[in-house]
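Each residue of the sequence shown is one higher than the last, beginning at 242 in our numbering.
Even glycine gets a Cβ: it sits at the ideal position worked out from N, Cα and C.
These notes concern the structure reproduced below.
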Amino acid sequence: MQLVAWENESTAICDRIRSSHGALKIVLKTKDDPFFLADWVDHHRKIVGDANLIILDNGSADSKVLSVYEELGPDLLIASFGGFHNNLHNPKNFEELYASLSASSDFHCFLDTDEFLAFYDGERFTSDASILHHLNDKEGGAFIPSTWLYNAPSYRDRMLCGTDLGTLRNGLTWGKPLIRSAAAPFSGEVNHNCQIAKGKKPPAPLFGFFLLHMATLSPAQRIRANLNKLIARGFMQRGDSLEKVLERDISRATENEKLYVTEIKRMLSLREDRGPETAPLGTGSMRIDQSGKVEFASPAEERVFAEFAASFDALCAQTLPS
């Protein structure tokens, strides 16, 4: 499948983005990652609809990915872009794109294929158009911080909330911002909450937005994603064996490269098959059932989650100082 290329058709791409206005526009940045792709699109089109969903592909060659794109059809905007994938998260590199998003939405965000947006109202998680009613453009602040909730290894419906605030605090730091369009322009990277805050942009401390981060549902998917990142950074060449990568001396590698290699080693120790549904919830975890209701492993986890909600304003001020 031949995708429209940003380098040749940026004006047409931006015109299409501007052609419809939405409360929230969601951009997927992806490359050769078929595992979640169809599920990701189905999940987020229920929230914002096809007109407000954009896929920016960093040069996928995987046949399964291209097959999914074929099945999605022309109603969804799918475009390719070249260069280092994280360049997308600096507005100065894609000024037209960010301008078109700001002109056509109240908020916009950039997600990866293993991140699923949800809203918690104090009783249950929801992942439909009702989320949009919680976007408050009158609260001020340059962005609404979403909080990463990592899945428990091998489970899609079990998330790690921790037994103290450390886990959720980290999720708040590295979650993705729902960027308020009226706060543009931005400087520096805007991929994570902590990055956009460094640009002297204060958050709107609205509790409830989470990203269910399926980083350990499929170890094979995560390993593949990290290998792609290492290739993009020049740490390895496409075609290098996994064994060769793991044997490399990483003492002079960048912090991100060390992180990816370390995580690959950890993923190799995890099981690929799904965990048994009858197994008890592990310490520091919670289950989200099909209706969105939450079951905590114990009162300790429930207290931590309640404390996180109650202290969200203060935590934003501490972890995301502008």
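How many whole angstroms separate the CB atoms of residue i and residue j, which I take to be in contact at a CB cut-off of 8 angstroms?
i, j, result
"Ser321", "Leu244", "4 angstroms"
"Val282", "Leu294", "7 angstroms"
"Glu498", "Leu471", "6 angstroms"
"Leu352", "Val545", "Not confirmed; about 25 angstroms, so no contact."
Is it the case that the Cβ atoms of residue i and residue j are separated by a distance below 8 angstroms?
i, j, result
"His285", "Ile267", "yes"
"Phe451", "Ala550", "no"
"Leu401", "Leu390", "yes"
"Ser459", "Glu513", "yes"
"Ser422", "His349", "yes"
"Ala186", "Leu561", "The displayed coordinates of the chain run from 242 to 563. Any statement about residue 186 would go beyond what the structure contains."
"Asn469", "Lys272", "yes"
"Ala473", "Phe325", "yes"
"Ile258", "Leu342", "yes"
"Ala466", "Asp274", "yes"
In whole angstroms, what is the alpha-carbon distance linking residue i and residue j?
i, j, result
"Thr367", "Val535", "11 angstroms"
"Pro443", "Ala383", "6 angstroms"
"Gly412", "Phe427", "22 angstroms"
"Pro521", "Ser539", "11 angstroms"
"Gly429", "Pro517", "44 angstroms"
"Asn377", "Ala279", "29 angstroms"
"Arg237", "Asp256", "It is not possible to answer for residue 237, since the shown part of the chain is limited to 242 through 563."
"Ile319", "Val309", "11 angstroms"
"Lys506", "Glu488", "11 angstroms"
"Val486", "Gly475", "12 angstroms"
"Ala541", "Arg397", "22 angstroms"
"Ala445", "Asp554", "9 angstroms"
"Leu317", "Asp291", "6 angstroms"
"Ala344", "Gly381", "18 angstroms"
"Asn328", "Asn299", "11 angstroms"
"Glu504", "Thr354", "18 angstroms"
"Asp490", "Ser552", "42 angstroms"
Is there at least one Cβ from chain B nearer than 8 angstroms to residue i's Cβ?
i, result
"His285", "The structure shown contains no chain B; it holds only a single protein chain."
Decide if residue i is buried, meaning its Cβ has at least 16 other Cβ atoms within 10 Å, or exposed.
i, result
"Asp347", "buried"
"Asn249", "exposed"
"Arg463", "buried"
"Leu338", "buried"
"Gly525", "buried"
"Leu483", "exposed"
"His262", "exposed"
"Ser461", "The sequence given here places Ala at residue 461; Ser does not occur at that position. The residue is exposed, with fewer than 16 neighbouring Cβ atoms inside 10 Å."
"Asn454", "The displayed chain sequence assigns His, not Asn, to residue 454. Per the 10 Å Cβ criterion, buried."
"Ser492", "exposed"
"Asp362", "exposed"
Only counting the same chain, and skipping five residues up and downstream in sequence, which positions put a Cβ closer than 7 angstroms to that of residue i?
i, result
"Pro216", "No answer is possible for residue 216: the residues shown for the chain start at 242 and end at 563."
"Glu543", "Phe537"
"Asp369", "Lys287, Ile288"
"Glu548", "Leu406"
"Ile529", "Phe366, Asp398, Met400, Val535"
"Leu307", "Met242, Ser301"
Can you find the residues in the same chain that come closer than 8 angstroms, C-beta to C-beta, to residue i, ignoring five residues on each side of it along the sequence?
i, result
"Glu311", "Met242"
"Gln436", "His330, Gly429, Glu430"
"Ser387", "Cys350, Leu358, Gly416, Lys417, Pro418, Leu419, Asn434, Phe450, Phe451, Leu452"
"Thr414", "His433, Asn434, Cys435, Thr560, Leu561"
Between which residues of its own chain and residue i is the CB-CB distance below 6 angstroms, once the five residues before and five after are set aside?
i, result
"Ile372", "Ile288, Phe360"
"Lys441", "Ser563"
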